[in-house]
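Q:
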Amino acid sequence: MKETQIDNLIVPINIQALCVGSEDSTQNAFIKREADFSQLPYVDSSGGWQNYKANISENILTNPFEDDQTSLEQGIHLHWALPDALTNGEAQDNLKFPLVPNRWLVVRIPFDNSNNPLTIKSWIIESDALSTNQNNSSYITVPVNYGQTNTQPYNYLGAVYDTSNWQENSSGQYYSNFTALGYGAVNFASCYQNCRSIFGLYDDVSDLPSETVNCTYLVIGWYSNSKNDFLRTISNGKGLDELVEQWLADNSWSIANNAEFDIANANSLYSGFVKNVAWNATNTNSTYLDISSANATVVFAESSIEALSAFISETYASDNRTIVEDLFNALQLGLLKNNSPNLTELDYKLHLKRFSQHSGSIIWTIVPGKENTGNDINIPLELADPLNQINILQQSYDRLTFSIQSLQYQIFSDWYKYMVVSYGNPPSNAPSAQDIQNFITNEITNSLNTLSTQKDDLLKKINNFQNNLKGLISNYDTLELKQAPTSRYYSPIDPTILLVNQDESWTYAGERNFTADGILSCRVSSQIVVSTGEVQGYLSNSNLPFLNDFNSLINEAIILTQSSNLQNGEVLPESIAINDWRQIPWLPLSLEWEAYYIPLAKANGNYDTNHIVNNFNFDQDANELTYSTTVNSSIFGQQETYRGCITLTPNTTYNLCERINEYLQYYPDSPYATKLQQAVDKIQKIPTSQTTVLAQILNGFNKALIMSKQTLQLQVYDPFDSTDNPFTNTTVQRAVGNQNISAPVPIDSFNPIIDGISCISRLRIIDAFGRYKDIPYNKIIYPSSANTYVQQGSNYIALYPRIVQPCRLQFEFLATDSKEAEANKSPAVNPICGWILINNINNALMFYDATGVPIGMLQVGQSKAIWRSAPSIYPFDTSLDACFLNKNAELYNLAKTIYNGVDNPFEYLSNLFKVIDSTCTKIVSKEQFFSNPALLGKPLALVQASIQLQLQGLSAVNESWDALSTDILNSNPLNRTNNQFTTVNFPVQLGDYQNFQDGLVGYFVSGGDDVDYSTFYSSETMGDNIQKSTNLLLQPYSIISKQPAKIISMLVDPTVPINANIGILPVTTISIPPDQYVQTLKNMYITFLTAPVISAMITSSSSLTSSIPLSKENGANWTWVQAQKQPDNSIKWTEVAITPDSTIFANNKQIIEGWLKLNQS
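With our numbering applied, the sequence shown corresponds to residues 30 to 1190, in that order.
Dropping the structure here:
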């Protein structure tokens, strides 16, 4: 852009108008504002106590479905939507939002019956103006001076002035850091009830003529301080033209006709108008509002993907719903790439979509330096162990950090209840305020401070290890020490609601700035439509900035109200900036929901250890747990009712149609083509303007299960706290920090494990003006895969079992040298203990050490297992114990147990061959060893791993008054009442025997301190020592848990990952880096005991001439290994090549014994 003239940037915004008649003004059809900070308690400047009550959020917030709603005054109410670029936060350490315009000019232009403009009226809104007292135009309160003594803790925000005598007040009080969130509410700027006289205006229309008039309302916004202008977010530097283009693209903005303007000196103005707003002042009983209910189709599912597919399949393809849903799910996930979806992959992806992720903190890694980026590295052994040690320390540090955070929240929760008891009307079973205060003091002094000290000590150790490790790495020019995200925690997403309406009056509030191409087309001042070329000066106040632009925009609004015909070269504003008002808008913005939940019954309210095992089976296809018992009212407990309010988001079916058409283009002969095309045809017949698809998870549902309300929270403060002993304002405030994230609900029930059924009982939609409508429904659509049950006259959906609080399945290899879990991103120390290989010729199980050197074999004898030492490595008939001297202990324990550690070694070894051979045929290896199954099986690595179900932080706590009384008596703040849910066993399935991409053959589990190798768990049962893989049982772990991680030894194909599936979490996968096994596999060879053999005489330099039929193996060759007794009775091992012999009965033959050796070339 070349610098030609100073023009301002005109950014289009959408203006909406709501007419409220005299009868409408008597209807309580509107919700109240979200928060009323005028209800905050405080001590005034004279020492008087005002609003004497607990300083907690529930005393200032509006609750869902409140009976005491409100009305709006008779007249016209305006609300405008800020551009999306000003309402989107930038992810940094904390989410940062841009500053928004804080000055607004609103111009009312009435027109007579001939469409001629009458006398205009205009107002100036100072959106960020603060006042201690409410004036006629101030409605919204915000916290100001909160936490300060002897002062009012709130102000009124926003002020409205007549334009004619307005000027900037340099001495006025203004709200700092003025963003679209206001005081921190997501819907602050998007809901009129939250931002009236800030991003909205009430016109009482008392000065309008008595006859019906049509009004145009023009709104223009700007920044009072140009340094705060959104244009100033363009980075300074060279190449300004490129920076501007990138800035526009980043914000999805453009400039009409690529107009040129001086970006360095320009300001941004935000403008739009609504025209033809009809008002009739003579109709004394006028009503504009439709207070009837809002009809909508309701879908209830575990994810938005499943909800949309369920709606489409039920509505447009009701026959064969399951097949159609699978297709639409696959399409949304991008998995339908051939003639049929991969159902295994589809189930895996859908399972993953049912969770939200939480940071697991960091892990230290050694990576290539900048000059070697992209190159694979092998971590030197000198660095591997120190790297593992620093990551073990980091894991402990992170667990302490999460535990401290959860304890800080618990202190806040206990303090919240302390405030209720101190200033409210607590129930009779609540402890005294003094008892709660003493308990909180104990929490802080003996628990929080102790954990904090441990954390500080760990940090010092980590810093020391980091410095030492950096010193070692400095010897390697190509390596660097970096931080990376570690394995994440997961929590279940809340259930999802999908609302579908086919009424053209629905316009989603969040899409008021939506354009067809997704780009907001801006203009510059010189492009404002002024058909006559002359601008009439409707405004004359010289204190107004940008006066020429203001008058030009007023002229434009008049012109475009009277006619939309343009002269050549004129540029219309973006369509969203011209709202032709024809009826009262309905702008769905948020949803109040009420849901029932019925958990499984629990004896005395506590969980039994086998609560999950006794009630659920593992559905391997869906990767989920499903009810194993007969579902009827006898297995369920008491019904709970939960409520919440969520902001709606759009979900459209039309991009799905595009995916279907694309699929049909590539696969016209698909067996599903007809059904898909029928669905597309039906969907596309619906006009876009008449269909609204809104979806949102029920935020707060899962939190409610653990007695927590997810709402805006006040900082810890008690205005009436003693100055001599400031318990709240010093002790608790410092301890809680920023962990005041949700409020406890002591009157609910504690359900930390999702195990029950749920249904929607009530829905209410709220629009951008705060108007609400209830949604009646006769039927709720559920996905066809969902299990539904009729209870108490309603249709309930079975929710998949989950632990509510974030947790993870920590599945890690053990380092062979230290027996510590490999805490690195991938194992730095080789986790392979050794190798086994089936020898089909000798009916034996061969053992190799971790480097691929053979040790010996266990051979199936007539009634026992026979040990034979490896030829040329050990003297003939060397014992098993002697062969394994200085070898890996776990590999030795495995061999020794099979040999003589079970009642029937012969049967164990024989069955082990069969089950290994059967399972290996289902695994597709990524690296090829010898490929003749008649001779041998796959090389299998023996590895060890630890597995643990880890909670993020301390366990969730029962927040009831009874539980608090019990905890006070027990006086152990780290071991609170949790209804024993941390003693529940959760089954874990290791490996997936139906998945070719899983490398687990079988495993052995720890029996006390050591692994028990007498029972092998695999895909089937054979005899006493081989059992079909029953699931491992894990209990939730936190830092106060006494159960260590479970240790398992596994036989695996190292070229393929190993999966662990617990159902309540996404599948966890671990794999061995190729550099830790590829060369070993290449070095491995196999020997076959062969006797007797007729051969020509062997000399030390000749080859073996024999008629043994040998197979030709690609990439391999045969040799002969023989032990020869020397004159001094020593044994000399000889290895020679093999030459085919066609003269079996010629002279100079001998009968020999030895080993055929198959070597890889």
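No residue lacks a Cβ here, since even glycine has one placed at the ideal position from N, Cα and C.
#1: Do T515 and I391 have their C-beta atoms closer together than 8 Å?
#2: Which same chain residues, not among the five before or five after T926, have their C-beta less than 7 Å away from its C-beta?
#3: Taking contact to mean 3 or more Cβ pairs, one atom from each stretch, closer than 8 Å, check whether the segment 106–126 and the segment 37–53 are in contact.
#4: So, do the segment 1000–1018 and the segment 915–922 have three or more beta carbon pairs nearer to each other than 8 Å?
#5: Counting pairs of Cβ atoms below 8 Å between the segment 1102–1109 and the segment 992–1002, do you hit three or more?
#6: On the criterion of 16 or more Cβ atoms from any shown chain inside 10 Å, does G822 qualify as buried, or is it exposed?
#7: Pull up the distance between the alpha-carbon of D910 and that of L887, whole angstroms please.
#8: Cβ atoms of I1180 and D1121: under 8 Å apart, would you say?
#9: From S994 to I465, what distance separates their C-alpha atoms?
#10: Does the Cβ of P904 have 16 or more other Cβ atoms within 10 Å, making it buried, or fewer, making it exposed?
#11: Going by beta carbon distance, what residues of the same chain come within less than 8 Å of P1086, once the five residues before and after it are set aside?
#12: Check whether the segment 599–610 touches the segment 533–544, taking contact to mean three or more Cβ pairs, one atom from each stretch, closer than 8 Å.
#13: Per the contact definition of three or more C-beta pairs closer than 8 Å, is the segment 792–802 in contact with the segment 614–625?
#14: Please state whether DSSP places R428 in a helix, a strand or coil.
#15: Distance, Cα to Cα, G539 vs E509?
#16: Only counting the same chain, and skipping five residues up and downstream in sequence, which positions put a Cβ closer than 7 Å to that of N1188?
#17: Quick check: what's the CA-CA separation for I1055 versus N872?
#18: Taking the CB atoms as reference points, tell me whether G187 and I227 lie closer together than 8 Å.
#19: With DSSP collapsed to three states, give me the class of P812.
#20: Could you check what DSSP says for R126 in three-state terms: helix, strand or coil?
#21: According to the neighbour-count rule (16 or more other Cβ atoms, all chains shown, within 10 Å of its Cβ), is E988 buried or exposed?
#22: Apply the 10 Å Cβ neighbour rule to S718 and answer buried if 16 or more other Cβ atoms are within range, or exposed otherwise.
#23: I want to know whether the segment 807–825 touches the segment 1064–1082 - three or more CB-CB distances under 8 Å.
#24: Going by beta-carbon coordinates alone, are D784 and N644 separated by less than 8 Å?
#25: Please name the residue, chosen from D191, I1091 and I867, that lies closest to R831 on a Cα-to-Cα basis.
#26: How about V136 and S156: are their beta carbons less than 8 Å apart?
#27: So is N1218 buried or exposed if we call it buried at 16+ other beta carbons inside 10 Å?
#28: When you compare only the Cα positions, how much space is there between Y183 and D73?
#29: Taking its Cβ as the centre, do 16 or more other Cβ atoms sit within 10 Å of G1192, making it buried, or is it exposed?
#30: Contact defined as beta carbons within less than 8 Å: I believe S333 pairs with L210. What is the distance between those atoms, to the nearest angstrom?
#31: Whole beta strand (DSSP E) runs in the segment 1036–1064 with 3 or more residues, listed along the chain?
#32: Looking at the unbroken beta strand (DSSP E) that takes in K802, where does it start and where does it end?
#33: I'd like the span of the alpha helix (DSSP H) that includes Y190, first residue to last.
#34: For P139, which of helix, strand or coil comes out of DSSP?
#35: Could you please give the first and the last residue of the uninterrupted alpha helix (DSSP H) stretch that includes I341?
#36: Quick check on DSSP: helix, strand or coil for A330?
A: Per the coordinate set shown:
#1: Here residue 515 refers to the residue found at position 486 when the sequence shown is read from its first residue. Here residue 391 refers to the residue found at position 362 when the sequence shown is read from its first residue. Against a cut-off of 8 Å, the Cβ pair of I391 and T515 comes out as a contact.
#2: Residue mapping note: residue 926 aligns to position 897 of the sequence shown, counting from 1. Closer than 7 Å at Cβ, skipping near neighbours: Y1042 and S1043.
#3: yes
#4: no
#5: no
#6: Locating residue 822 in the sequence shown gives position 793, where the first residue counts as 1. G822 is exposed by the Cβ-count criterion.
#7: Position 881 of the sequence shown holds residue 910. Position 858 of the sequence shown holds residue 887. Between D910 and L887, the C-alpha separation is close to 13 Å.
#8: Locating residue 1121 in the sequence shown gives position 1092, where the first residue counts as 1. Locating residue 1180 in the sequence shown gives position 1151, where the first residue counts as 1. Looking at the sequence itself, residue 1121 is Pro, so the reference to Asp does not match. It is a contact, given that the beta carbons lie within the stated cut-off.
#9: Sequence index remark: in the sequence shown, residue 994 carries index 965 (1-based). Sequence index remark: in the sequence shown, residue 465 carries index 436 (1-based). Rounded to the nearest angstrom, the two C-alpha atoms are 9 Å apart.
#10: Reading the sequence shown from its first residue, position 875 is the one you call residue 904. By the 10 Å Cβ count, P904 comes out exposed.
#11: For the purposes of this step, residue 1086 is taken as residue 1057 along the sequence shown, with counting starting at 1. Within its own chain, the residues whose Cβ lies closer than 8 Å to the Cβ of P1086, once the five positions on either side in sequence are excluded, are Q1026, D1027, G1028, T1098, I1099 and S1100, listed in chain order.
#12: Judged by Cβ distances under 8 Å, the segment 599–610 makes contact with the segment 533–544, as three or more pairs qualify.
#13: yes
#14: By 1-based counting over the sequence shown, the position of residue 428 is 399. Here R428 carries a helix assignment [DSSP, helix/strand/coil].
#15: Within the sequence shown, numbered from 1, the residue matching residue 539 stands at position 510. Within the sequence shown, numbered from 1, the residue matching residue 509 stands at position 480. Distance between the alpha carbons of G539 and E509 is about 46 Å.
#16: The sequence position of residue 1188 within the sequence shown is 1159, counting from 1. Hits under 7 Å: Y1114, A1145, N1146 and T1148.
#17: Within the sequence shown, residue 1055 is the residue found at index 1026, counting from 1. Within the sequence shown, residue 872 is the residue found at index 843, counting from 1. Near 18 Å, if we compare the C-alpha coordinates of N872 and I1055.
#18: By one-based count along the sequence shown, residue 187 stands at place 158. By one-based count along the sequence shown, residue 227 stands at place 198. Cβ distance < 8 Å, so G187 and I227 count as in contact.
#19: By one-based count along the sequence shown, residue 812 stands at place 783. Here P812 sits in coil by DSSP.
#20: Counting from 1 along the sequence shown, the entry for residue 126 is found at position 97. One detail in the question is off: residue 126 reads as Phe in this sequence, not Arg. Of the three classes helix, strand and coil, the one that applies to F126 here is coil, per DSSP.
#21: Against the sequence shown, residue 988 aligns to sequence position 959. Its Cβ being crowded by 16 or more others within 10 Å, E988 is buried.
#22: Against the sequence shown, residue 718 aligns to sequence position 689. Caution applies to S718, whose pLDDT of 47 falls short of 50 and renders its modelled position unreliable; the model cannot decide the point.
#23: no
#24: Stepping through the sequence shown from its first residue, residue 784 is reached at position 755. Stepping through the sequence shown from its first residue, residue 644 is reached at position 615. Their beta carbons are under 8 Å apart, which means D784 touches N644 by this criterion.
#25: For the purposes of this step, residue 831 is identified with residue 802 of the sequence shown, where counting begins at 1. With distances taken between Cα atoms, R831 lies closest to I1091.
#26: Taking the sequence shown and counting its residues from 1, the one referred to as residue 136 is at position 107. Taking the sequence shown and counting its residues from 1, the one referred to as residue 156 is at position 127. No, Cβ-Cβ distance for V136 and S156 is not below 8 Å.
#27: The question about residue 1218 has no answer, for the chain in this structure spans 30 to 1190.
#28: Taking the first residue of the sequence shown as position 1, residue 183 is located at position 154. Taking the first residue of the sequence shown as position 1, residue 73 is located at position 44. One C-alpha to the other measures close to 12 Å.
#29: This structure gives no information on residue 1192, because the portion of the chain shown stretches from 30 to 1190.
#30: Translated into positions along the sequence shown, residue 333 becomes position 304. Translated into positions along the sequence shown, residue 210 becomes position 181. Not quite, the Cβ-Cβ distance comes to about 24 Å (not below 8 Å), so this is no contact.
#31: 1045–1047, 1055–1057 and 1061–1063
#32: Taking the sequence shown and counting its residues from 1, one reaches residue 802 at position 773. Segment Y801 to D803, the beta strand (DSSP E) holding K802.
#33: Position 161 of the sequence shown, counted from the first residue, corresponds to residue 190. That residue, Y190, is in no alpha helix (DSSP H); its beta strand (DSSP E) goes Y183 to D191.
#34: Position 110 of the sequence shown, counted from the first residue, corresponds to residue 139. In the structure shown, P139 sits in a strand (DSSP, three-state: E or B).
#35: Locating residue 341 in the sequence shown gives position 312, where the first residue counts as 1. I341 -> alpha helix (DSSP H) spans S333 to Y345.
#36: The sequence position of residue 330 within the sequence shown is 301, counting from 1. Residue state, collapsed to three classes: strand.
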